[in-house]
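In the numbering used here, the protein residues as written are -7 to 634.
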């Protein structure tokens, strides 16, 4: 999508465009980060300006060659035409254009002039991917490069006490064994030998800080929810006073586990640290941060770092953290050789930076048939929701509204995981609203629409979402999903959600098969502004929904005395192909600037299927993953008859 934006304003044919991955260049570019569904949102204006500026410079060069005013010239698919009908290709004037002064003001295209934006475009690397060309970090090879397999503490909180590498050093192909910190790197000529050498190490690890277990986290987080040591992120009105006068009160607690990222391509990175340069190559979402960290660690100038990025085999937030690149640089610096660190799947899962376990408690008060109070409490491991999240729906719609957060500092590493915090909060919030509508004997969709109506015309500039745009996606998903017009054996669940600057509504269709609720279809409506590449956008939306369903249903990751309870897919369940439902995606057509899409469809998915399960079984689920409570997904013959 990013090169499509440039090509549109540059006015060239898309089939003329060849895309190459650039290197880290902080002298000529500012934001070089992939994360938070922000690439298109932040790149939209600068990329348009880039394409339009280059086009204008080419036109100016052609006009000077002809001796005419640039306003007399037009462009189309890489060709400049003057009023007399004469033409010049961009390539014929590119050298002259490069010498011209860069214009400050250029005209951008109107939406109705777009020829590329809004059309389907295949992945620019599709041919290379299909034919197996080297694109990914794992593909990178250099003369003399060694593979490093790293033994790390098997449990969080442990420290290396001693080790014996004699058996490892006797394995043919093992070149060296290097200790750094509490880690041991085995260097070999190939991946298999390096991993074999690591497995042959005999290491003794001792407790440095206490190893934590899932039971500890459950107890600690519940204690935080029950306590009073919160930070208040937003407080409107007086929730306690409103609860005291409420006719009805609903309070529920929702629980979720840690989650690993499980990128298809395990973590890897190449480093060659020499006296005059630090050469880094690999997949990272944060090249500048990674390069600066390594320069600081090795006490070198940042300008000495040369970082090349490869295609990533999945990121989802894991590659925001450059620990794997730092390891490669440390090992190369000690070994004085070029090194590629490669994680095994077990390494990838056991030495991750996980989504933190979180619990939410939501309480609402009802007075005279209206929602008058809403209190959200979050208890999380290591960190809490971002400061903007309390300004998402239903902020501004409920007079007495408060968001409180608390955290427990753990020695287990945690960080961003696709749609941080909202990936579980959306399920909790939207399940709660569904149950709230039941208590109020209100239409669950009308309840949301009415709350959104109250936000229209607000002067509260903290509010992040648009009530009008949210109402639009709700009404559209009702229409597209056939809400309320399904056969008696199809049960539907509805959600609406805002995150990453996009508005989403989803409806899940569930049926009962062999006494168990099964998801068959999800209708997803997204307002992300102008859609650059509908084909890619649809893929993003579908993937988000399936990812959201899969982790809500099956994602479970715990710890026993600091040691992960799963280190491979034999003990960590993912959604399977035959379990993936049909995902019917629709985009609201408008002319707003584009917003995020990599993450926004994931958070609502868990709530959509949970609400559909409730419609099908009469049972509500408060804890993820759902498959840990199989009795809540099943319906007995007696219940069906009832």
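A virtual CB, placed ideally from N, CA and C, is assigned to each residue, including glycine.
Per the coordinates, the alpha-carbon of residue 394 lies some 57 Å from the alpha-carbon of residue 63.
Under DSSP, the beta-bridge partners assigned to residue 352 are 246 and 370. Secondary structure in the segment 467 to 534: the beta strand (DSSP E) runs of 3 residues or longer, each lying completely within the stretch, are 483 to 491, 494 to 505 and 508 to 519 in chain order. In the assembly as shown, residue 574 is an exposed residue. Its beta-carbon has fewer than 16 other beta-carbons within 10 Å. Residues of the same chain with a CB within less than 6 Å of the CB of residue 390, apart from the 5 flanking positions on each side, are 363 and 366 in chain order. Spanning the alpha carbons of residue 328 and residue 180 requires a straight line of approximately 14 Å. In the three-state scheme derived from DSSP, where H, G and I count as helix and E and B as strand, residue 238 is classed as coil. Residue pairing by DSSP puts residue 551 in a beta bridge opposite 556. Nearest Cα to residue 286 within the set 322, 149, 433 and 224: 322.
As the crow flies, the alpha-carbon of residue 438 is around 17 Å from that of residue 388.
Looking at the backbone, the Cα of residue 589 and that of residue 461 are separated by about 16 Å.
Under the DSSP assignment, residue 51 falls in the alpha helix (DSSP H) whose first and last residues are 31 to 58.
Around residue 69, the same chain offers 3, 4, 5 and 8 as residues with beta carbons nearer than 8 Å, after the five sequence neighbours per side are excluded. Between residue 478 and residue 595, the alpha-carbon positions lie close to 25 Å from each other. The beta carbon of residue 297 is closer than 6 Å to those of 270, 283 and 287 in its chain, skipping five residues each way along the sequence.
Under the three-state reduction of DSSP, residue 619 is assigned to helix. Ranked by Cα distance from residue 237, the first of 514, 356 and 534 is 356.
For the segment 46 to 132, the continuous alpha helix (DSSP H) assignments of 4+ residues that do not extend past its boundaries occur at 82 to 90 and 118 to 122, in sequence order. Judged by DSSP secondary structure, residue 190 falls outside any beta strand (DSSP E) and instead within the alpha helix (DSSP H) spanning 183 to 192.
Classified as exposed, residue 19 has fewer than 16 neighbouring CB atoms from the shown chains inside 10 Å of its CB.
Under the DSSP assignment, residue 209 falls in the alpha helix (DSSP H) whose first and last residues are 206 to 218. In the assembly as shown, residue 341 is a buried residue. Its beta-carbon has 16 or more other beta-carbons within 10 Å. Taking a cut-off of 8 Å for Cβ pairs, the segment 300 to 311 and the segment 124 to 139 touch, as three or more such pairs fall below it. Residue 432 sits in a helix when the DSSP states are folded into three classes. Membership of residue 225 in the beta strand (DSSP E) is indicated by the continuous run 223 to 228. By the Cβ rule, the segment 108 to 121 does not count as touching the segment 166 to 174, because fewer than three pairs are nearer than 8 Å. Judged by beta-carbon spacing, residue 521 lies within the 7 Å limit of residue 584, meaning their Cβ atoms are closer than that value.
Within the same chain, 127 and 303 come within 7 Å of residue 117 by CB-CB distance, once the 5 residues on both sides are set aside. Taking residue 538 as the centre and dropping the five residues before and after it, the same chain places the C-beta of 572 closer than 6 Å to its C-beta, in chain order. According to DSSP, residue 546 shares a beta bridge with no other residue.
The DSSP-derived three-state label of residue 347 is strand.
Distance from residue 628 to residue 535 at the Cβ level is roughly 35 Å; contact not present, criterion being Cβ atoms closer than 8 Å. Positions of the beta strand (DSSP E) runs, each at least 3 residues long and wholly inside the segment 374 to 443, are given as 392 to 400 in order along the chain. Shown here for residue 114: same chain residues with a beta carbon closer than 8 Å to its own, the five before and five after excluded, namely 527 in chain order.
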